[in-house]
Structure formats: C-alpha cells, structure tokens
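Residue numbers (my numbering), protein chains in the order written: chain A, 1 to 81; chain B, 1001 to 1081; chain C, 2001 to 2129; chain D, 3001 to 3129. C-beta: ideal position from N, C-alpha, C; glycine also. Report on the following structure.
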C-alpha cells in the first residue's frame, strides 16, 4: 500500500523534502514507516524521539496500523503563540 | 480635639449621616472614637467587627492615636470590580 | 513601570484604550480583563449596579498596589479603569490591562491586582432593581 | 458555547475584534490575551517570527480543545486568532478572548487553552534575524 508523508517545520530542512510517498506492506504500522523513512533520510533518526506523528488530523502512536491512501504528517514539537 | 468622621456605603444609611465631627480628649484613639460614635449611632454597634477604618487615605487599627483635625472614614468591606 | 488609573463616571471605551496601548520590543504578553455587570445579584434580577468610591483613598490604595506589583513582577505597564455611578447590566465596570515580557507573569500580576483591589480599594456597590 | 477561530496571514485587528464581542446578561468576565512577538529569541535580536501551521489539523485540534473547554467551564464564548506567515516584532501573533460568568473560570479557561494549544496545535515558529 502507499501512504503520503508530509514534513513540517525544520523536518523539511532535515529531510530536504516537504512530502513523499512510501510503499509499505499491508498491515504496516507507523513504526514500520518511520524505519523506512530513516533509511531514506538518515538525519531523521536523531530526531525520532521528539518527532510528533499525525494521521490525517489526529495524533497517532507508533503502533497505529496504516491503511492505503492515508496521509501521515511528521513534525517537531509545536510552538504556537 | 476635634476629628471629622465620614461614612461610606451602607454605613450612611445605618447612621443616617454622611459626615460628623466628634470631640475627643487629647490622646484619644480610634477605639475611643468608635465607642463615642456607637453611643450616638447605636446601630453602628452591630457592624463594629466588619467596619473598616481609615485615617486620611491609610487603613488604621483601633489603637491608632488620633490628632486634632484628622479625617476618619468608616466603611463596610470593599467590593470593587 | 507605566501606570494609568482612571476612576470615572464615563463609560469605559475599550477600543480607545486599546489603541492607546504602548509596549516596548521586550514585551511579549498583554493580559486584559473586563468585569461586566451581570443581570442578577444573588437570585434577584437587577438592572444596574451603582458604584461609590472614596476616590482619594482609592487612588492612594491603587498606587500602593502598583508599587507592590512593580516589586513582584517585571510589568512594563498597568492600566486600570473603574467606573463609579450607575453602570448598567452588560456594561464593564472594571478594566485592567497588564503588559509584561511573558504570559505567566502577566496573568499572575493581573489576577493578583484584582484580588487585592477587592480587598483594599474603597469602592462599594449597590444593586439597582 | 460560541466559538470563533481564525488562522490568518492578516494582522490581528484588536479594536475590530473587540467591537464584535457579544455577551449575554449572565456574563460577568472577559479575559483577553495577546501574545506579541518580542525583539529577542534566546539571546539573539530578531526582527520577526515566521509562523507555519498545518492548518487543517490546527483547526481540528483547536476544535477538540474547545470541546474540552466547554465541558470544564461555563464559557459562553471563545474567540482565537493566530497569525501565520511573518509577524514583526511588537505585533501580536496570538489573540484569545474568553467570556464567562465569573472571573476565576474565565482566567482559568484562558490559561488552560493557551497551555494546551502550545502542546497540541501544529503551529511552529522560526525567528528571522
């Protein structure tokens, strides 16, 4: 299955990318996706623990099972205001 | 000595008076003044414990020694805002 | 610390007060409170509240509170307006604005001032039915 | 509870927002916060902050916070404006207004919303020198 991945804030500079599409095996989780992304963008690895993850407009944890066509967003801690 | 006494808020209704002048012996305290006022305005007695007392623009306690010409104000708990 | 205190029988003009706000580049937080007359006092419906102030003492006591505020928090500006006379339901009787570098201290100073004001500033209210 | 959320690249027009305020006769407290861009970030002087939002998610997350606020406090109206794009020093980037019956709950709800916003609403800043 394919999922779209969006990067925000300085993760755009870290990856040099605003969005990408990843192909995962059926039943793949966010954890699987992150591992694949770190292979492609090694600098993401160092930020793994502070990176927030959303699917659509909801926060999700690493065990979330992705579905075909979902939109995943990765971003650093938020700092509005 | 003579001191002016001003009443505020519902103490004006309690006493039927906005201001009065009291004559006290030299060295008289606020406590002495209050006792004299309660003789003249007996209803003040019941409110004694909640009544706030200022001399000029400062709060003072009952042991404050009054001086000729001072302005004393008596009022209920404040409720601004 | 810039201080501005107005005890007035005139309506509080919030947009005008807002436009007069001045703050330096080091300031990051404005906290603003408006206390508005509600339509009930206890269980009874009311039309207005009449505020009475011992004005000279109220000004002095606010001044003491401003001194204390300045010692406690890095507030750059405090502005207070309090109505006297008849204030109708839905109109503000009190307006307070605090400008400080950070949010936490601005909220703290603003709430402290209102609490202390209600303890020491000689202003009284009388509900009008 | 009346809700109004604006995430915008336009300057925040405080007097206009003020004039649009509506509150019923049961409401006694308006608490208002403006977060303003300061001239320093850490130790460095800056000229502006550029705000980036994941807008659709920011709107959704604000909505969840408003739901929670409504459960916790008797707030009649919450209005929030957040700038995106470049906000110059001395300009507000965030404006929050809470209307509630009493002061305590209005202050509490306003501070809670700002704290939570800084935890969950996807908006980021980048200082510009």
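- Every alpha helix (DSSP H) of 4 residues or more that sits fully in the region 2042-2073 of chain C is shown, in chain order, as 2055-2072.
- Against chain D, the CB of residue 2076 of chain C has no partner CB under 7 angstroms away; the residue lies outside that interface.
- Within 8 angstroms of the CB of residue 1076 of chain B, the CB atoms of chain C belong to 2124, in sequence order along the chain.
- Not flagged as an interface residue toward chain A: residue 3113 of chain D, since no C-beta distance is shorter than 7 angstroms.
- Interface flag for residue 54 of chain A against chain D is set, since a Cβ pair is found closer than 7 angstroms.
- The continuous stretches of beta strand (DSSP E) do not include residue 8 of chain A, and DSSP gives it neither H nor E.
- For residue 3015 of chain D, the enclosing alpha helix (DSSP H) starts and ends at 3014-3019.
- Identification of chain D residues near residue 79 of chain A by a Cβ-Cβ cut-off of 8 angstroms yields 3118, 3123, 3124, 3125, ordered along the chain.
- Between residue 2080 of chain C and residue 2098 of chain C, the C-beta gap is not smaller than 7 angstroms, which leaves the two residues out of contact.
- Closer than 7 angstroms to the CB of residue 1057 of chain B there is at least one CB belonging to chain C.
- Of all residues in the region 2084-2110 of chain C, the ones placed with a Cβ closer than 8 angstroms to any Cβ belonging to chain B are 2093, 2094, in chain order.
- Using a CB distance below 7 angstroms, the part of the region 6-22 of chain A facing chain D consists of 8, 9, ordered along the chain.
- Looking only at C/2083, C/2019, C/2042, C/2040, the smallest Cα-Cα distance to residue 2011 of chain C is reached by C/2083.
- Residues 3031 of the same chain have their beta carbon placed closer than 7 angstroms to that of residue 3107 of chain D, with the five preceding and five following residues left out of the count.
- Residue 3120 of chain D carries a helical assignment under DSSP once its states are collapsed to helix, strand and coil.
- Proximity of residue 2079 of chain C to chain D, defined by a Cβ-Cβ separation below 7 angstroms, is not satisfied.
- With a threshold of 7 angstroms between beta carbons, residue 3050 of chain D makes no contact with chain C.
- Against chain C, a Cβ distance below 9 angstroms from residue 1073 of chain B picks out 2054, 2057, 2122.
- Look at residue 66 of chain A here: in three-state DSSP terms it is coil, with no helix or strand label.
- Residues of the same chain with a CB within less than 8 angstroms of the CB of residue 1060 of chain B, apart from the 5 flanking positions on each side, are 1030, 1053, 1054 in chain order.
- For residue 3085 of chain D, there is no enclosing alpha helix (DSSP H); the residue is found in the beta strand (DSSP E) stretching over 3085-3088.
- The criterion of a C-beta distance shorter than 7 angstroms is satisfied by residue 3038 of chain D and residue 2026 of chain C.
- A check of alpha carbon separations from residue 1019 of chain B across B/1079, B/1081, B/1075 identifies B/1075 as the nearest.
- Under the three-state reduction of DSSP, residue 2105 of chain C is assigned to helix.
- Residue-level contact check: residue 3043 of chain D does not touch chain C, since none of the beta carbons of chain C fall below 7 angstroms from its beta carbon.
- Check the Cα spacing between residue 44 of chain A and each of A/78, A/17, A/3: the tightest is with A/17.
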